[in-house]
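Participant: Protein chains in written order, with our numbering: chain A, 1 to 318; chain B, 1001 to 1430. Ideal Cβ positions, reconstructed from N, Cα and C, are used throughout, including at glycine. Since the model is a prediction, treat every value here as computed from it, not as a measurement.
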Amino acid sequence: MTVLTIDVLAGGLSPERDVSLRSGRRVVEALRDRGLTARERDVDANTVAAWRADAPDCVVPLLHGAAGEDGAVREILECMGIPYVGSSAAACRLAFDKPIAKTLAAAAGIATPACVAIPQSTFRELGARDVLASVEGSLGLPLMVKPTRGGSALGVSRVEHAVDLPSALVEAFGYADVVMLEECRSGTEVAVCVIERTGIAEALPIIEIVPPGPVYDYDARYVAGSTEFHVPARLDSSVLALLSDAALRVHRTLGLRDLSRSDWIVDGSGQPWFLEVNVAPGMTETSLFPQAIQHAGTSVGAVIANLVLHRIAQDRPA
Amino acid sequence: MSSTRLDPWLASYAERTHGLNASAIRALFAVASRPEVVSLAGGMPYVQALDLDAFGHTVQRLITERGSVALQYGSGQGDVTLREQILSVTGLVGVHCHPDDIVVTTGSQMALDLVARIFCDPGDVVLVEAPSYVGALGVFRSYQAQVQHVGMDEEGLQPEALREAIAGLSRQGRRAKLLYTIPSFHNPAGVTQGAARRAEILSIAHDAGILVVEDDPYGLLGFEGEPPQAMRAQDADGVVYLGSFSKTIASGLRVGWAIAPHAIRERLVLAAESAVLCPSNLAQMAVSEYLATQPWMEQIKAFREVYRERRDALLESLQALMPASTTWTIPAGGFYSWLTLPEGLDSAAMLPRAISAMVAYVPGTGFYADGQGTSNLRLSYCYPDPDRIREGVRRLATVVEAELELAETFGTSRSSDHGPRAVTPGPDLR
Chain A
1 MTVLTIDVLA GGLSPERDVS LRSGRRVVEA LRDRGLTARE RDVDANTVAA
51 WRADAPDCVV PLLHGAAGED GAVREILECM GIPYVGSSAA ACRLAFDKPI
101 AKTLAAAAGI ATPACVAIPQ STFRELGARD VLASVEGSLG LPLMVKPTRG
151 GSALGVSRVE HAVDLPSALV EAFGYADVVM LEECRSGTEV AVCVIERTGI
201 AEALPIIEIV PPGPVYDYDA RYVAGSTEFH VPARLDSSVL ALLSDAALRV
251 HRTLGLRDLS RSDWIVDGSG QPWFLEVNVA PGMTETSLFP QAIQHAGTSV
301 GAVIANLVLH RIAQDRPA
Chain B
1001 MSSTRLDPWL ASYAERTHGL NASAIRALFA VASRPEVVSL AGGMPYVQAL
1051 DLDAFGHTVQ RLITERGSVA LQYGSGQGDV TLREQILSVT GLVGVHCHPD
1101 DIVVTTGSQM ALDLVARIFC DPGDVVLVEA PSYVGALGVF RSYQAQVQHV
1151 GMDEEGLQPE ALREAIAGLS RQGRRAKLLY TIPSFHNPAG VTQGAARRAE
1201 ILSIAHDAGI LVVEDDPYGL LGFEGEPPQA MRAQDADGVV YLGSFSKTIA
1251 SGLRVGWAIA PHAIRERLVL AAESAVLCPS NLAQMAVSEY LATQPWMEQI
1301 KAFREVYRER RDALLESLQA LMPASTTWTI PAGGFYSWLT LPEGLDSAAM
1351 LPRAISAMVA YVPGTGFYAD GQGTSNLRLS YCYPDPDRIR EGVRRLATVV
1401 EAELELAETF GTSRSSDHGP RAVTPGPDLR
């Protein structure tokens, strides 16, 4: 019997390196528990040469942030003909950019808070004060300020007062060249994970997130005990069904594959608002995806192993 | 329906752990460990400068000849031979005492923890420099002490600021129990107290009944002249002196010590036994063997030359490349320079941009217990070689320029000073 070798990509140079390494270690252990030969592999100047010398049967990309989620590494895998779990490079390019993903979702009839995406150069050329005044006039306050690319809520702020917008923008520009100012919708924060088993997408039990502060920020995400989770979310069953359907539509609309996690706000009227989608969701001890998998009655190892075997069967060159 | 906080023991944790968190800043340092990044962040000694072959033979001989002792439990106060040898090290900074006055610890960090353990009740005031060593702040926080910062200038802790802090506490009917200070080659400020200032600080502390905790890990790593004489050399009764082999031999050995007045020393030994039973016998005997058989004074001189060359590379690069209105301290020893950004820039907000540019530093806020330090950052020159330091400063200068542009765009910079900068950048530590 051939022993399959799986490379779990984790680490990289993004600000989410630490989270990615934790996700990677967890998935490697889960795959080994299922009898697969899983190797944890950081991404560096030796990676491609190593693959040329010893190509794995499949790669599980768990790099968070740019290069991991913008599709770049997946492009290389496609060039090398190495099967990998997760969405294609082309789909990642669209999904990783929050305003683009929101635009595509809106075009498919999915409600998403209004936003503008503005590069630093535009603020400089047109004058930040005037630009911000026009944005505030259009979207009102409070506003969410987010880097357009990146995860773990790094650089994300909720701004109540106009006077705080400049410092929030300076912080967000630390993580990306383009920043999104987004209408702030209040309500229940939820995450919907989607997995494909034998190619058929299904939404997992919906997780309600109750962070300790106004933003589900880095500490709230990665310090066990700081955030409260309810599974399924404490919402009407009709709203839960609506959310599951909407998450599947986002998954399909953006051309995603194998697994995704979308983040939503459900307002007081029960209307879900799409915020963003993740193509390499976190797999740490406090991450949402493993919680959803567990509540679906399965395990991270079973799900990822299933995806690996499916990908190898589908994509491995004959 | 299931509800969880993913930690079933949440209600059981001690109150003193409540401030511990993950922090995005800490996460960014995971990237700093990659070889592509020039890390001016960590204070890692350049242990490669040691004669590792000789050290290896020393340890091998130790195990072969005295392994049954080295691998056994030892004394809670520490190996007596090593304590005698420590006297020849502390003698270089003017500290002369009896071996029984010494408690060997697992790094001087443990000595500091033991001092806090035997002195600090929740709410007790500890005076520290502004800024102060991040590891000390963590220790005092873990014992729920109230840390109060005292201003510094180019010669370290300011006596007048110390008097004011003590008077302010007195007006509230309170007093500080400890004054924690790093008089030589300060971490992070890079400055050094002169002899007269040390005497003045000791006098103020003595009059106020405050025990001085003198942390001296860098005292032998001065670049000019003789090592500064320790405060403990002037006052045997009012000072607990903390020393370490981490910077003069190797940090991985985790061997440090405390020298304390006898009553305090007794309590330190009891506290040490309660914490770890005894420090590692193997590590202590390795240090002892090294001191007995290797040219350790020559090695310290070699370390000084390594660090002096790196300090020079840092300062020359900063002078050549940093934007106007950036200032920094000029260390005469140790590992660090403390940099002050142009007004309005925030070193923590700038860190992700720096990491993207492949250079890392420690934001200044980490060295304060009260949120100060936003415009400061600590640069360590101890680990990267001079060429990497120059490259790191080049990257950092680019990042600061970009941050200035960002701050000007958004009006968060209150300074538009792009004129010629001061020829001799001075510290701005208050």
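Show which residues of chain B have a CB atom less than 7 Å away from the CB atom of S167/A.
Facilitator: Here residue 167/A corresponds to residue number 167 of the first sequence, with the count starting at 1. Here the neighbours are T1412.
Participant: Count the other C-beta atoms from every protein chain shown that fall within 10 angstroms of the C-beta of V1376/B, then say buried if there are 16 or more, exposed otherwise.
Facilitator: One-based indexing of the second sequence puts residue 1376/B at position 376. The sequence shown places Asn at residue 1376/B, not Val. Answer is buried; the Cβ neighbour count reaches 16.
Participant: Taking the runs of the beta strand (DSSP E) that are 3 residues or longer, which of them lie wholly in the segment 169-208 of chain A?
Facilitator: Listed in chain order, they are 178-183, 188-197 and 200-203.
Participant: For the alpha helix (DSSP H) containing A106/A, name the first residue and the last one.
Facilitator: Here residue 106/A corresponds to residue number 106 of the first sequence, with the count starting at 1. A106/A -> alpha helix (DSSP H) spans K98 to A107.
Participant: Looking only at DSSP bridge pairs, what is M144/A linked to?
Facilitator: Here residue 144/A refers to the residue found at position 144 of the first sequence. DSSP lists R158/A and E182/A as partners of M144/A.
Participant: Count the other CB atoms within 10 Å of the CB of N46/A; is the residue buried (16 or more) or exposed (fewer)?
Facilitator: As a first step, residue 46/A is located in the first sequence; it is residue number 46 there, counting from the start. With fewer than 16 other Cβ atoms within 10 Å, it is exposed.
Participant: Measuring CB atoms only, is the segment 1357-1367 of chain B touching the segment 1389-1403 of chain B, in the sense that at least three cross pairs come out at less than 8 Å?
Facilitator: Flag = yes, the segment 1357-1367 of chain B and the segment 1389-1403 of chain B touch.
Participant: Output needed for P1099/B: all residues of its chain with C-beta closer than 8 Å, excluding positions within five of it in sequence on either side, in chain order.
Facilitator: Here residue 1099/B refers to the residue found at position 99 when the second sequence is read from its first residue. Hits under 8 Å: V1080, R1083, E1084, I1086 and L1087.
Participant: Nearer than 7 Å: is that true of the beta carbon of D1051/B relative to any heavy atom of the ligand ADP?
Facilitator: This structure does not include the ligand ADP; it has no bound ligands of any sort.
Participant: Look at L1092/B and L1291/B and say whether their C-beta atoms are less than 8 Å apart.
Facilitator: As a working mapping, residue 1092/B is identified with position 92 in the second sequence. As a working mapping, residue 1291/B is identified with position 291 in the second sequence. Not in contact: L1092/B and L1291/B (Cβ atoms no closer than 8 Å).
Participant: Quick one: grab the DSSP three-state call for M1322/B.
Facilitator: As a first step, residue 1322/B is located in the second sequence; it is residue number 322 there, counting from the start. Looking at M1322/B - three-state DSSP - the assignment turns out to be coil, as it is neither helix nor strand.
Participant: Since I believe P205/A is in contact with A105/A (beta carbons under 8 Å), could you give me their beta-carbon distance rounded to a whole number of angstroms?
Facilitator: Locating residue 105/A in the first sequence gives position 105, counting from the first residue. Locating residue 205/A in the first sequence gives position 205, counting from the first residue. So it is not a contact: roughly 22 Å between Cβ atoms.
Participant: Could you name each continuous alpha helix (DSSP H) segment of 4 residues or more that falls completely within the segment 1146-1213 of chain B, going from the start of the chain to the end?
Facilitator: The qualifying runs are 1159-1171 and 1195-1208.
Participant: Output, in sequence order along the chain, the residues in the segment 280-292 of chain A whose CB is closer than 9 Å to any CB in chain B.
Facilitator: Of all residues in the segment 280-292 of chain A, E285, T286 and Q291 have a Cβ within less than 9 Å of some Cβ in chain B.
Participant: When you compare the CB positions of S1244/B and G1094/B, do they come within less than 8 Å of one another, or not?
Facilitator: Translated into the one-based positions of the second sequence, residue 1244/B becomes position 244. Translated into the one-based positions of the second sequence, residue 1094/B becomes position 94. The answer is no: Cβ separation not under 8 Å.
Participant: Anything in chain A within Cβ reach of L1406/B, meaning under 7 Å, just list it in chain order.
Facilitator: For the purposes of this step, residue 1406/B is identified with residue 406 of the second sequence, where counting begins at 1. Within 7 Å Cβ-Cβ: Q120, V170 and F173.
Participant: Under 8 Å, do V1269/B and V1103/B count as touching if we go by C-beta distance?
Facilitator: Looking up residue 1269/B in the second sequence gives position 269. Looking up residue 1103/B in the second sequence gives position 103. Yes, they are a contact pair.
Participant: Can a CB atom of chain A be found closer than 8 Å to the CB of P1352/B?
Facilitator: Here residue 1352/B refers to the residue found at position 352 when the second sequence is read from its first residue. Yes, P1352/B lies at the interface with chain A (some Cβ there is under 8 Å from its Cβ).
Participant: Are the segment 1052-1067 of chain B and the segment 1232-1242 of chain B touching, with three or more C-beta to C-beta distances below 8 Å?
Facilitator: Contact fails: fewer than three Cβ-Cβ distances are below 8 Å.
Participant: Helix, strand or coil, according to DSSP, for G301/A in the structure here?
Facilitator: Along the first sequence, one-based indexing puts residue 301/A at 301. Note: G301/A maps to helix in three-state DSSP.
Participant: Would you verify that the beta carbon of V1038/B is, or is not, closer than 8 Å to some beta carbon of chain A?
Facilitator: For the purposes of this step, residue 1038/B is identified with residue 38 of the second sequence, where counting begins at 1. With 8 Å as the cut-off, V1038/B does not count as an interface residue toward chain A.
Participant: Indicate the three-state DSSP secondary structure (helix, strand or coil) for H230/A in the structure shown.
Facilitator: Position 230 of the first sequence, counted from the first residue, corresponds to residue 230/A. Note: H230/A maps to strand in three-state DSSP.
Participant: Hey, is L21/A's beta-carbon within less than 8 Å of any beta-carbon in chain B?
Facilitator: Walking along the first sequence from the start, residue 21/A turns up at place 21. So yes, L21/A belongs to the interface.
Participant: Pick helix, strand or coil for P113/A, following the three-state DSSP scheme.
Facilitator: Taking the first sequence and counting its residues from 1, the one referred to as residue 113/A is at position 113. Of the three classes helix, strand and coil, the one that applies to P113/A here is coil, per DSSP.
Participant: Taking the C-alpha atoms as reference points, what is the distance between I1264/B and Y1180/B?
Facilitator: Position 264 of the second sequence holds residue 1264/B. Position 180 of the second sequence holds residue 1180/B. Whole-angstrom Cα-Cα distance: 16 Å.
Participant: Check whether chain A comes within 8 Å of D1007/B, counting only Cβ atoms and requiring the distance to be less than that.
Facilitator: Taking the second sequence and counting its residues from 1, one reaches residue 1007/B at position 7. For D1007/B, the answer is yes, since a Cβ of chain A falls inside 8 Å of its Cβ.
Participant: Could you check the C-alpha separation between E1273/B and G1078/B for me, to the nearest Å?
Facilitator: Position 273 of the second sequence, counting from 1, holds the residue named residue 1273/B. Position 78 of the second sequence, counting from 1, holds the residue named residue 1078/B. Near 10 Å, if we compare the C-alpha coordinates of G1078/B and E1273/B.
Participant: Closest to V1276/B by C-alpha separation, out of L1169/B, G1194/B and T1105/B, would be which residue?
Facilitator: Taking the first residue of the second sequence as position 1, residue 1276/B is located at position 276. The candidate whose alpha carbon is nearest that of V1276/B is T1105/B.
Participant: Could you please give the first and the last residue of the uninterrupted beta strand (DSSP E) stretch that includes R41/A?
Facilitator: Walking along the first sequence from the start, residue 41/A turns up at place 41. Its beta strand (DSSP E) spans residues T37 to R41.
Participant: Would you say A95/A and A101/A are within 8 Å of each other, going by their C-beta atoms?
Facilitator: Position 95 of the first sequence, counting from 1, holds the residue named residue 95/A. Position 101 of the first sequence, counting from 1, holds the residue named residue 101/A. The answer is yes: Cβ separation under 8 Å.
Participant: Which chain A residues are close to V1031/B, counting only those with a beta carbon under 7 Å from its beta carbon?
Facilitator: Sequence index remark: in the second sequence, residue 1031/B carries index 31 (1-based). By Cβ distance, chain A contributes L13, P15 and R17.
Participant: Between which two residues does the beta strand (DSSP E) harbouring T1340/B extend?
Facilitator: What you label residue 1340/B is simply residue 340 of the second sequence in a count that begins at 1. Looking at the DSSP string, the run of the beta strand (DSSP E) that includes T1340/B is Y1336 to T1340.
Participant: List the DSSP bridge partners of W264/A.
Facilitator: Here residue 264/A is taken as the residue at index 264 of the first sequence, counted from 1. V190/A and F274/A.
Participant: Between I1355/B and the rest of its own chain, which residues show a CB-CB distance below 6 Å, the 5 nearest in sequence each way excluded?
Facilitator: Within the second sequence, numbered from 1, the residue matching residue 1355/B stands at position 355. Once the five neighbours on either side are set aside, the close Cβ partners of I1355/B are L1028 and V1031.
Participant: Just mark Y1307/B as buried or exposed, buried being the case when its beta carbon has 16 or more other beta carbons within 10 Å.
Facilitator: Residue numbering aside, residue 1307/B sits at position 307 when the second sequence is read from its first letter. Looking at its Cβ environment, which holds 16 or more other Cβ atoms inside 10 Å, Y1307/B is buried.
Participant: At a CB distance below 8 Å, what residues from the segment 1312-1341 of chain B approach chain A? Give them in sequence order.
Facilitator: For the segment 1312-1341 of chain B, which is checked against every Cβ of chain A, not one residue is closer than 8 Å.
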